[in-house]
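*Asks:*
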Amino acid sequence: MKWWQAQSGRQGGDPAKLARALVAIASEEPPPRRFIAGADAIALAEQHVADLQAQIAAHRE
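Under this note's numbering, the residues of the sequence shown are numbered 10 to 70, in order.
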């Protein structure tokens, strides 16, 4: 818990940009099932997709 409290106000990124993106997707119909924000989260998601694609390719008939 102390780690989280120490991060307060020191997060990277642009909070205003995130707020604009959240407002924009809130009005989408249908809304996205997932919303990935931040370069680190996007990199992790892209790696996960690449891992899944490798598994698919390895077991494709």
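Glycine included, every Cβ here is placed at the ideal spot set by N, Cα and C.
Suppose contacts are defined by Cβ-Cβ distances below 8 Å. Is residue 47 in contact with residue 18 by that definition?
*Replies:* Residue mapping note: residue 47 aligns to position 38 of the sequence shown, counting from 1. Residue mapping note: residue 18 aligns to position 9 of the sequence shown, counting from 1. Taking 8 Å as the Cβ cut-off, residue 47 and residue 18 do not qualify as a contacting pair.
*Asks:* Can you give me the Cβ contacts of residue 66 inside the same chain, cut-off strictly under 6 Å, excluding the 5 residues immediately before and after it?
*Replies:* In the sequence shown, residue 66 corresponds to position 57, counting from 1. None.
*Asks:* Taking the Cβ atom as the reference point for each residue, do residue 44 and residue 51 lie within a distance shorter than 8 Å?
*Replies:* Against the sequence shown, residue 44 aligns to sequence position 35. Against the sequence shown, residue 51 aligns to sequence position 42. Their beta carbons are not under 8 Å apart, which means residue 44 does not touch residue 51 by this criterion.
*Asks:* According to DSSP, is residue 49 part of a helix, a strand, or is it coil?
*Replies:* Position 40 of the sequence shown, counting from 1, holds the residue named residue 49. It is helical.
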